[in-house]
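Protein chains in written order, with this note's numbering: chain V, 3 to 178; chain S, 36 to 251.
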Amino acid sequence: MSPPTAHESVFRAWLAEYGGIIAKVTRSYAHSVPEAEDLRQEILLQLWTSMPSFRQESSPSTWIYRVCLNTAMSWLRGDGRRRRRIEPRADLSEMPEPSASPADAAGSKDLLDQLYGAIHAMPEFDRALVLLTLDGFPYRDIADITGITENHVGVALTRARKRLAELLKGATHELE
Amino acid sequence: MNWSDLEYVWKRQAPPAGASADVDVLRRNFEASHRKTAAALAVRDYSEAAAGLLSSAVFAYTWWRLGRDGWPFAITIALILGVSAVFCRERIRSHRRRVGPAVSLLAKLDADIAELRHQRRLIFSITTWYLAPLAASWAVAVATLAVHSARHAPPGFFIDLMKNPATASFIIAYFLVCAPLCFWWAWRMNRTAVLERLDPRIEELEKLRRDLSISQ
């Protein structure tokens, strides 16, 4: 087996460090486990092929989010025919859960499933905004990733958060 | 529950284990897909170029065989090569204007809309740049051959030919039904592609763009 190239080494390091971004975007845009796997492969392929164009003008996480979201949104609307060919065999909540310590796993999982359910019901661009906000990106980075001006990120975010809150209303009641 | 609770749960998602193992599979997939894409593109490009060149060669040969009578074949060849040139120009343009996934979501959206609109314009004007030149080249070639044959055929040959009902029906059906039908079918197929596939996609993207403009 040939030794890993520099490209491959960086890619492995990125996957280890930022694999969570791919998992979150995949789960937010795909509707079933086979779809999620298909989208994940597509995202990995796009990251792999686009990596040489990374110029370190932004942080790797910002750049990776941009590639992931662009790929997911194109996949969502452009590859409808291919998506229809994928049989929905299992619900996304049955995906192997990446989360955390067993102590609060059950409660977190419920809330996380509800959160993903609400994100799924949102328009594709609002999903991107919600993902970026939940991951704590500042307005400047969100503006960089989405292309809307920094001044208006706040307006768009308020609208997206309001939608999310409405969608989570029922769930909130249950949780409280 | 408030926003902080959501952020807390969200950030507690750890990256899935074993992600690094994907690289080998990915490299294999990438190489396979790259080879497949390169082969498909080569077949498509070469077949289009070959079709144009081959028909031009056939017409050039016919022109050479006919001698001075065959000069209108120059028009036929020019029209066919013109259509091939449009294909080549579009291929180069599409390659140059392709936008990678590392641009902002808005830039990617604008590029996608622009590309779809261009494709729509191209398909809607297919009569101008594809069907009409091909129909004209076909008509010129047929007319040239007919004139040449009339000059060299024995007297009364065409009249005798048309007296035979089977031959006459075949000729009339070919020129008045089959050939126009083929052109109409090509036009119809492209128009249907615009209405059923391109237009809904453009509308979807423009709606998304409008939503973003409202938020801007």
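Even for Gly, the Cβ is constructed at its ideal location relative to N, Cα and C. Since this is a predicted model, take the numbers as computed values, not measurements.
Item                                                                                                                                                                              : Value
Please compile the residues from chain S whose C-beta is within a distance smaller than 8 Å of the C-beta of Phe-127(V).                                                          : Leu-140, Leu-243, Asp-246 and Leu-247
Mapping the DSSP letters down to three states, classify Arg-245(S) as helix, strand or coil.                                                                                      : helix
DSSP state of Asn-72(V), grouped into three classes?                                                                                                                              : helix
Can a CB atom of chain V be found closer than 8 Å to the CB of Lys-143(S)?                                                                                                        : yes
Answer with yes or no whether the minimum CB distance from Glu-119(V) to chain S is below 8 Å.                                                                                    : Position check: residue 119(V) holds Gly in this sequence, whereas Glu was assumed. Answer no: the Cβ-Cβ gap between Gly-119(V) and chain S never drops below 8 Å.
Is the beta carbon of Val-229(S) closer than 8 Å to that of Tyr-165(S)?                                                                                                           : no
Kindly indicate which three-state DSSP category Ile-2(V) falls into: helix, strand or coil?                                                                                       : As displayed, chain V neither begins before 3 nor continues past 178, which places residue 2(V) out of reach and without an answer.
In chain V, which residues lie with their C-beta within 7 Å of the C-beta of Pro-41(S)?                                                                                           : For clarity, residue 41(S) is Leu in the given sequence; the question names Pro instead. Correct list: Leu-117 and Leu-136.
Could you work out which residues of chain S lie near Leu-113(V), taking near to mean beta carbons separated by less than 8 Å?                                                    : Met-36, Asp-40, Leu-41 and Val-44
For the structure I just gave you, are there three or more beta carbon pairs, one from the stretch 134-145 of chain S and one from the stretch 69-78 of chain V, closer than 8 Å? : yes
Using alpha carbons as the reference points, say which of Thr-64(V), Gln-43(V) and Leu-47(V) lies closest to Leu-140(S).                                                          : Thr-64(V)
8 Å is my cut-off, CB to CB: does Gly-135(S) come that close to chain A?                                                                                                          : Judged by its chain identifiers, the structure shown contains no chain A, and its protein chains are V and S.
Let me know the secondary structure DSSP gives Trp-106(S) once reduced to three states.                                                                                           : coil
What residues in its chain sit with their C-beta under 6 Å from that of Ala-38(V), if we drop five residues either side in the sequence?                                          : Thr-28 and Ala-32
When we look at the beta-carbon of Asp-128(V) and count the other beta-carbons within 10 Å, is it buried (16 or more) or exposed?                                                 : buried
At the 8 Å Cβ level, is Gln-154(S) part of the contact set with chain V, yes or no?                                                                                               : no
Given that Gln-48(V) touches chain S, what residues does it touch there, using C-beta distances under 8 Å?                                                                        : Pro-136
Which class does Ala-102(V) belong to by DSSP, given the choice of helix, strand or coil?                                                                                         : Residue placement at Ala-102(V) is poorly supported in this model, since its pLDDT is 48, which falls under 50; the coordinates still yield a value, given next. If DSSP states are grouped into helix, strand and coil, Ala-102(V) belongs with coil.
For Thr-179(S) versus Gly-105(S), is the C-beta spacing smaller than 8 Å?                                                                                                         : yes
Mind checking if Ser-55(S) is an interface residue toward chain V, Cβ cutoff 8 Å exclusive?                                                                                       : Any reading at Ser-55(S) must be qualified, since the residue scores a pLDDT of 49, below 50, and its modelled position is unreliable; the value itself is stated next. Closer than 8 Å: yes.
Between which two residues does the alpha helix (DSSP H) carrying Tyr-43(S) extend?                                                                                               : 38-46
Using a beta-carbon distance below 8 Å, is Glu-239(S) in contact with chain V?                                                                                                    : yes
Would you mind sorting Gly-87(S) into buried or exposed? The rule is 16 or more other CB atoms within 10 Å of its CB.                                                             : buried
Tell me, please, whether the stretch 153-160 of chain S touches the stretch 199-218 of chain S by the rule of three or more beta-carbon pairs shorter than 8 Å.                   : no
Suppose you measure from the CA of Arg-161(V) to the CA of Asp-40(V); what does that come to, to the nearest Å?                                                                   : 30 Å
Excluding the 5 residues preceding and the 5 following Phe-94(S) in the sequence, name in chain order all residues of the same chain whose CB lies nearer than 6 Å to its CB.     : Phe-108, Thr-111 and Ile-112
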